[in-house]
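Position 125 of the sequence shown, counting from 1, maps to 156 under the working numbering, and the rest follow consecutively.
Note that CB positions come from ideal geometry on N, CA and C, so glycine has one too.
Fair warning: this is a prediction, and the values are worked out from it, not measured in the lab.
Here the structure is laid out as structure tokens; the discussion comes afterwards.
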Amino acid sequence: SHDGFLKLPEGVRDSARGTGTVEGTSEDTLCLPTPYHRPSGFQLAIPVASQTVGPVLAGLGLVRDALGGEGAMRRVFGCVLADNGTEFSDEGALAKMFGEAPGEAKLYYCDPNHAEQKGGCERNHSEIRKLLGIRFDRLARADCALVMSQVNSEPRGKLAWMAPSRVLRAAFGDDAARLLDALGIEGLPPDELDLTPACVER
């Protein structure tokens, strides 16, 4: 529960990861699961066929496979705070996806209808919706890789003006490099940033 999450030590809460889903228009079936690394502000967006358990778990499976299996998922994701949407309702499968050991409580859920409890994850969702100015059903993985290269290359004041992708690489070394390379996310210099829908339209 979220109450259980709040009872964790502050350092564990601050280092927790979040995950949610970005929806498109009412006509779209495709959606974007969005694993989020809270300490660095780094976020992924992975297009999957629908906002249901199976496709969302398959999308998270791409992240696990990119990292090299459950051991790396466990290292990189640690404690996870998930949205309370039905796409995350298979608690056992989701916990296993993130590398939770038997009997270990490391997966927590936001309260129903309180996605804001994921904080920075939801703020990034607004940025993703702004950049993806096209129907989600038209998106390819390359479009999402492009957008997340932009979002994760923007320097942040809370990171001493470093970019989330740079902080993730510093924190997780080879694990981060494998993840970014497999999902096509690049670190962009400031003069190549275009945080407008034009970056996808081009």
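Option in 207, 166, 190, 128 with minimal Cα separation from residue 53: 166
Close beta carbons around residue 181, own chain, < 8 Å, minus the five adjacent residues each side: 162, 219, 224, 225, 226, 230
N- and C-terminal bounds of the beta strand (DSSP E) containing residue 69: Neither: residue 69 is in no beta strand (DSSP E) and is coded neither H nor E.
Counterpart residues of residue 54 in DSSP-defined beta bridges: 62
Nearest candidate by alpha-carbon position, reference residue 73, set 105, 178, 121: 178
Boundaries (first-last residue) of the alpha helix (DSSP H) holding residue 111: Segment 111 to 113 is the beta strand (DSSP E) holding residue 111; no alpha helix (DSSP H) there.
Nonlocal neighbours in the same chain, by C-beta distance under 8 Å from residue 168, ignoring five residues either side: 55, 58, 59, 60, 61
Residue burial classification, residue 149 (beta-carbon count within 10 angstroms, cutoff 16): buried
Assigned secondary structure, residue 39 (DSSP; H/G/I helix, E/B strand, else coil): coil
Expected contact under 8 Å - CB spacing of residue 199 and residue 191 to nearest Å: The Cβ separation is near 15 Å, so there is no contact.
With 16 other Cβ atoms within 10 Å as the buried cut-off, status of residue 186: exposed
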